[in-house]
Structure formats: C-alpha cells, structure tokens
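If you use the UniProt record's numbering, the sequence shown corresponds to residues 1 to 676, in order.
All C-beta atoms in this analysis are idealised placements derived from N, C-alpha and C, irrespective of residue type, glycine included.
Keep in mind the model is a prediction, meaning the values are calculated, not measured.
Here is the structure we will look at.
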Amino acid sequence: MVPFNYQNTSRWRFWSMTLVSILVLVGGCAGAIPKEKSISSQFLATCMANSQFVVSDFFFLYTPGNSTLQYSFQGTSSIEGNVIISLEIIVYGYSAHTEKFDPCASNMRSLCPMQPGAVVLGLNSRNISEFANKIPSQAFSVPDIDGLVRIKFTSSTGIQVACLEAELSNSQTVHQNGVGWATALITGSSLLVSGIASAFGHTKAAGHIATIALSLFGYFQSQVIFAMVAVKLPPIARSWLQNLSWSMGIIRVGFMQSVLSWYIDATGGTPDLNPRVNRINVQIAKRDLQTAAPPQPKSMIVTGVSRLAFLSAIAKTNLFMTSLGFFISLIVVVILVFVSLNLVFRIKGARKSKFAIFERNWSGSLKGIIYRIISVGFPQLAALCLWELTSRDSPAIVVLAIAFFLISLSLLSWASYKILTSAHLSISYQDQAFLSKWGFLYTQFKSSNYFWIILTVIYALIKGCFIAFAQSNGLLQSIALLIIELAYLVAISWIRPFLDRKINTINICICVANVINAIMLVFFGISKGPSLVRSILGVVLFVMNAIFVLVLLVLILIAAIHAIFAENPDSRYQHVQDNKHNSKIDKGFDHSVEFDALNTQGNHPDMVRSRFSNIDENGYRHEHSGVNRELNAPKLSAIQHKDHNSNRPALAYGNGSRNIRSSNLATRKTASHFSN
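Encoded structure:
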C-alpha cells in the first residue's frame, strides 16, 4: 500500500470532487420539464372476442386549460345498422363514470348508420366545458393514473357487437429520464471514485465502495428482469421499472437503431417497424388478455420482453442487439483505457512511481476487470441471449446470441473452477498474480465463502431461462421467480458471504425487496384478481422500490464522500481486512482440521517443505520463480496449540501479532509435525 501523504490526498480529492461536480451539473440538467395538464390516449384495442369493430389508429386529447377535446380514429367495421354507444370510465378498478349516447342524435355521420368497411373519422375538436367540473383535479396530477375508457357498441336488437378499450394518460409519469441518468451517474461515479481511491493506495475503501455499487447495480438489473415478466403490470409499476432499463443495456440511440435494422435485413431477418413511429395500434398488456380478441392486422399485443422494447421505443427485433452492443462497447472502452494508461506509464517511466504495480500487472488487472464485467453483465446475457433463441430475428443474430452466451458461461465456469482449486491450495490471497486476475470475482466475499460466485452465476442463469422460455405464461414466470428469490434470500441470510455486517445487511435487504416484488408479480399474473388490488399493489411497488433505491444511493454517496474527505479512508475498514485474514486462518488452517487441504493431495513431508521453502528471514513468502518480490502474504506466527501425539507447537498463518519465529525454525517444526 502507498504510504499516506498530503500530496496524494490532494490529488485524490481533486479528481473525486471533479467527478462529484460533473454529477451534480448533469443531474441538474436532467430534470423533467413541466408539461401542460392533459388527459390523452393513443391506443384503442379490442376487449371482446370477435369484435366487429377494430381500430388501427386512434388519438384522444383533452386539455382542461381550454376545455377542448380532440379526437380521431381509423378502423374497420363489419357492423351494419344503427348502434348505441356506451362509454365507461374506469379508474383504479372502479367505474367512475358511465354514459350512453346515440351517434345519430349526436350528429356523428360516420357512425350513423354504421356500414361495413373502413371507418375514418378525421381530427375533430369540440368544447366540453359543461363536463369540465365533473373531472376531479387529481386526475391531472396523480402520476401514471390507472384509468381506461371502455367503449361498447350495441346493435338495435340489444346485442353487443364490439368492445374497445383506451388506456388513459395524464402526461404525469414516474418514468423520467432524470431518474435513469441520476441512478446511472451515481452508480458509475461511485465505481470511478473506487478506481481512483485504489490508484492512490486506498484499496480497502475502494473495495467497500465498489461492493456496494455493484450490489446496487444488481438490484437495478433485478428490477428490469421483473419488467420482462409477461404479466399485466399497472401503469405506475411499468413506468418505474422502465427507469432502470439502462442497467441491462436497453438504451435507445437513433442511429444505432437504423444500423441494427439494416443489419437484421442484410442477414436474412425481417426488422420490425417501431410501433410508436408508425402509429400502429398497440395494446400494452394490462387486463383481460385472456378474453381479448386475437390480434388483427396492424394490431398487436405487447407483454413481457416485447413490452419493455415498446416502452423503450426500440423495435422488438433490435432489443437484443441493442443490449449486446452496449455490453461490447463497455468492454472495448475498458480495454482502450487500460492500454492507454499502460502506454502513458511506459513513456513517462512509471516503474519508480506509485503506479509501478499497475504498470507491471496491467494485463492481469485488465483480465480481472473483464471477468468482473462479464460477471456483472451475465444476468442480461442469460436473459436476452436465451430469449433471442425464441425470437430468432435473423440467423446471424441467433449465432451471436449462442456464441456470447456460451463464451460468458464458459469464462465464468472456468473462473469458478480456478477459484475453487486455488482455495484448496490456499493461494487465492497470497499469489499477487492470481489475485490481480481473479480477485475481482471473490474478494468482495469472506475468504471462507469464495464459492459464492458460483451461486450467483446459477442464480442469474435460472432466472434468465424462465424469462426467455416462459414468455407465454406470465404466471409461471412470476411463481418461478418467487421461488428463486426466496431460495436466494434464505441462502444469503444463512451464509452471509460478504465482507462485513453492513454489506451483508444491504444485500439481504435487496433480496427481501426482490421477494416482495416477486409476490406482487404473482398477484399481477392472477387474471381473475380484483383490479383494485392490482392497482394498489402497483403503487406499493413504486413507493417501496423508489424509497429503497433512494436509501441505497444515499448510502453509496456517504461512503464515497467519506472516502474523499477522510484523512485515511482505509482506517474505517481496517477491521474488515483483518477479519478477512483471520477468517482465512481459522477456516483454512485450524488445528482441528489438520491441514485438510494438503492431506487431500497426500500427506507427504516433501510437500510441506516445498510449501515453506520460499519463506525469507522476515517471514514473507515469495514466488516459486525466485523473484525477490514481496507479496501481500501474511507472516508466519507460532500459534500455540498442541496435537494429540506430542507437546510440539504447530504453526499456522497469522497476522504477525504473536511471537514470530525465524523461517528456518518454522520450516523445521512444520515439517516435523507432518512427518509424524
């Protein structure tokens, strides 16, 4: 670790405060612009089987400022004769207003009488000030109001021949670009602060901040996975989950969508047109899908992953490639940054500076960070790569999906194998080269819980399989996610694998929130459940997760600010590192297990001698290559305990706080202990 000095601290604070200033500036500019109060709808879909009236284009807008109602639609009718139109306004599952009118009495010539064929009603505008006082003011202020208009057509014989539904919007929504930017910037800036702290020698504070930031990022990804479940989400829940879609690489960039559409077409696929741009009637799955009519031409029902793409204004065929493109871009940027820094340090001769360790081990550190990116991005790869196998946008994209899924899974499996084998050899924290390459995958856990990376991979893989292959059954998806989240909550609460109590508490709370969200998804998936219950649960989902995200963001900001302004940020986490090494001693070298790791390979004196033959006079262990380089390995200390055959003390690894013997004595006694 680099010795603390004022110059290092000044530079560290300068760069950290620069990042914070940029964050505040961009966050302030990302605020939402107030919109004019209104109630509108652009989607009108059928709500009964064999509806004889289908609308392909619909527009409705009411502005209370001038009490003006504008509307237009275009559709196809197979109804002949006069009809009575019933209008019902449903708010949060309750019927708020009903009204019947005769189109002939209202002088609506295109509907009186109705004739089979195309029905076109151009843009009309009328003043309805006489009805303005019937609309409560809350209808214009409550975000993502859960309201819809249901229109029924009844023939002169009293038979219902058509049913249409329009979802209402008041332009007030919790889906704000500022929320997405703020969460992304705070999470990303925390990781950058962690990197800067590590570069200036504050490795313990850096690791603590990075662990919290990555836990928060994983929580964001879980939220987006819930948005991919094919159940009927209330509007406010739908909008909130959309704020975090950036964590799965689902970010709309105009030119990127054009390039991806061209690529799909060039590789034998058929790109989807963006339904928002082309004003094709789209029904966002909400309620009564089981009784809805089959999709008509120029009409579609979106739910699950397709709904997420639609709300992101991304064509369904472009969704996978959009996510994959940002994932690849992140890896490319990291590689370019590392290569650039290495070239700069080589040119300026950084071998004698505090960056000499980076200059010597940059390739191993780069590999480790790439493994970390793959580990963090595996939930999105598992879900979307497997989903692409069912979507099959083009043969080339299917090949890419299979390749990236297998590569990421193989790399993580290989990394898990290396970590498991190194743990048995007890080199995971003593070999600096191994630590630089693989440490990103296990250093956030206790040394005795190095295997937790395997559970996280399995956890993400199972969730991805249900998201990808069960899109036709949202209730099955929600029940499966509930079981998975419950099992993971029990495991993390029992084992508590992370470094300290604070990080374990944060991750347990995240798991509890995921379980509650999964329970609400089950209620959303029950089609016969009361609409009021679903609406209330939608509000609960938003409020609970919004508060929880705010608390997590505050915690990570506090940790980052403390690291910036503290004289020695590592002092706050000194006990964490010490406990980590003590755990290593207790778990790996306790006298009750008698060096089981070595016994499994053969209890032979030569193996013991070879293990301690490279210990110098100060009690430090060096590489087998003979390079005289001091590693971050603990010293040997004589921890007095007696075996059952003799009174000779056995040696184990320690922190140097007890009596330290010479290396020759340590080697002789340890070898003698095993030779008996």
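C104, enclosing alpha helix (DSSP H) - first and last residue
Premise fails: C104 is in no alpha helix (DSSP H) and is neither H nor E.
Would you call the region 437 to 446 and the region 393 to 402 in contact, with 3 or more CB pairs under 8 angstroms?
As far as the Cβ criterion goes, the region 437 to 446 does not touch the region 393 to 402, which means the pair count is below three.
Same chain, Cβ closer than 6 angstroms to H97, neighbours up to 5 away in sequence not counted
Result list for H97: I89, in chain order.
Does the beta carbon of V339 sit closer than 8 angstroms to a beta carbon anywhere in chain B?
Chain labels in this structure do not include chain B; a single protein chain is all it has.
In this structure, how does DSSP classify I84 when only helix, strand and coil are distinguished?
Note: I84 maps to strand in three-state DSSP.
In this structure, how does DSSP classify C47 when only helix, strand and coil are distinguished?
Coil.
Got a sec, what are the start and stop residues for the beta strand (DSSP E) Q160 sits in?
Segment 160 to 167, the beta strand (DSSP E) holding Q160.
Residue from G325, A213, I209 whose Cα sits closest to the Cα of residue 681:
Within the shown structure, residues of the chain are numbered from 1 to 676, placing residue 681 beyond reach of any answer.
Hey, how far is the Cα of S86 from the Cα of N133?
Their backbone Cα atoms lie some 21 angstroms apart in a straight line.
Candidates Q74, I145, P103, of which the one nearest L121 by Cα
When only C-alpha atoms are compared, the closest one is Q74.
Measure the beta-carbon distance from G147 to L168 and round it to whole angstroms, keeping in mind my assumption that it falls under 8 angstroms.
Going by Cβ atoms, the distance from G147 to L168 rounds to 4 angstroms, so yes, they are a contact pair.
Please identify the residue among Q471, I209, L44 whose C-alpha is closest to the C-alpha of V149.
Nearest C-alpha to V149: L44.
In terms of residues, what are the limits of the beta strand (DSSP E) holding K152?
Under the DSSP assignment, K152 falls in the beta strand (DSSP E) whose first and last residues are 147 to 155.
Under 8 angstroms: do the region 363 to 374 and the region 448 to 467 share three or more Cβ pairs, one atom per stretch?
A contact between stretches requires three or more CB pairs, one per stretch, nearer than 8 angstroms, and the region 363 to 374 fails this requirement with the region 448 to 467.
Alpha carbon to alpha carbon, what distance is there between F60 and F220?
Roughly 34 angstroms separates the two Cα atoms.
Cβ-based neighbour list, F140, same chain, cut-off 8 angstroms, excluding 5 preceding and 5 following:
Counting only residues of its own chain and dropping the five nearest sequence neighbours on each side, F140 has a CB closer than 8 angstroms to the CB of K37, S38, I39, P64, N170, Q172.
What's the C-alpha gap between L486 and P235?
L486 and P235 have their C-alpha atoms roughly 26 angstroms apart.
What is the rounded straight-line gap between the Cα of F469 and the Cα of V490?
The straight-line gap from Cα to Cα measures roughly 26 angstroms.
Give a yes or no on whether the C-beta atoms belonging to F338 and G377 are separated by under 8 angstroms.
In this structure, F338 sits away from G377, with a CB-CB distance that is not shorter than 8 angstroms.
Comparing alpha-carbon positions, which option in R392, N545, A383, V119 lies nearest G269?
If you compare the alpha carbons of R392, N545, A383, V119 with that of G269, the shortest gap goes to R392.
Just the Cα atoms here: how many angstroms apart are I516 and Y488?
Straight through space, the alpha carbons of Y488 and I516 are spaced by roughly 13 angstroms.
If I measure Cβ to Cβ from H604 and keep anything under 6 angstroms in the same chain, skipping five residues before and after, which residues do I get?
The pLDDT assigned to H604 is 42, lower than 50, so where the model puts this residue is not dependable, and the model offers no usable value.
Under the assumption that V229 contacts Q444 (Cβ atoms under 8 angstroms), give the Cβ distance between them as a whole number of angstroms.
Contact between V229 and Q444 fails: their C-beta atoms lie close to 28 angstroms from each other, not under 8 angstroms.
What alpha helix (DSSP H) runs, 4 residues minimum, are completely inside the region 447 to 525?
Segments of the alpha helix (DSSP H) lying fully in the region 447 to 525: 452 to 469, 474 to 495, 501 to 525.
Considering only the beta carbon of each residue, do A213 and I556 sit closer than 8 angstroms?
Against a cut-off of 8 angstroms, the Cβ pair of I556 and A213 comes out as a contact.
Within its chain, find whatever has a CB closer than 6 angstroms to the CB of R372; leave out the 5 residues flanking it on each side and keep chain order.
Excluding residues within five positions, the ones whose Cβ falls inside 6 angstroms are F440.
Short check: CB of I225 to CB of A480, under 8 angstroms?
In this structure, I225 sits away from A480, with a CB-CB distance that is not shorter than 8 angstroms.
Look at the alpha carbon of G81 and the alpha carbon of M108, and state the distance between them as a whole number of angstroms.
Rounded to whole angstroms, G81 to M108 spans 14 angstroms at the Cα level.
With a 10 Å radius around its C-beta and 16 neighbouring C-beta atoms as the bar for buried, classify P116 as buried or exposed.
With fewer than 16 Cβ atoms within 10 Å of its Cβ, P116 is classed as exposed.
Beta-carbon contacts of L550 that lie in its chain and below 6 angstroms, excluding the five residues immediately before and after:
Non-local C-beta neighbours of L550 in its own chain, meaning closer than 6 angstroms and more than five positions away in sequence, are absent.
Could you compute how far the alpha carbon of Y92 sits from the alpha carbon of K418?
Cα to Cα, the separation comes out at about 54 angstroms.
Evaluate T505 with the Cβ neighbour count: other Cβ atoms within 10 Å of its Cβ, from every protein chain shown; 16 or more gives buried, anything less gives exposed.
When all chains shown are included, T505 counts as exposed.
Taking a contact to mean a Cβ-Cβ separation below 8 angstroms, would you say N514 touches S222 in this structure?
Contact: yes.
Could you name the residues that DSSP lists as bridge partners for A118?
Residue pairing from DSSP places A118 in a beta bridge opposite T76.
Any idea what DSSP makes of H208, helix, strand or coil?
Residue state, collapsed to three classes: helix.
Candidates R496, M321, F217, of which the one nearest Q257 by Cα:
It is M321 whose Cα lies nearest to the Cα of Q257.
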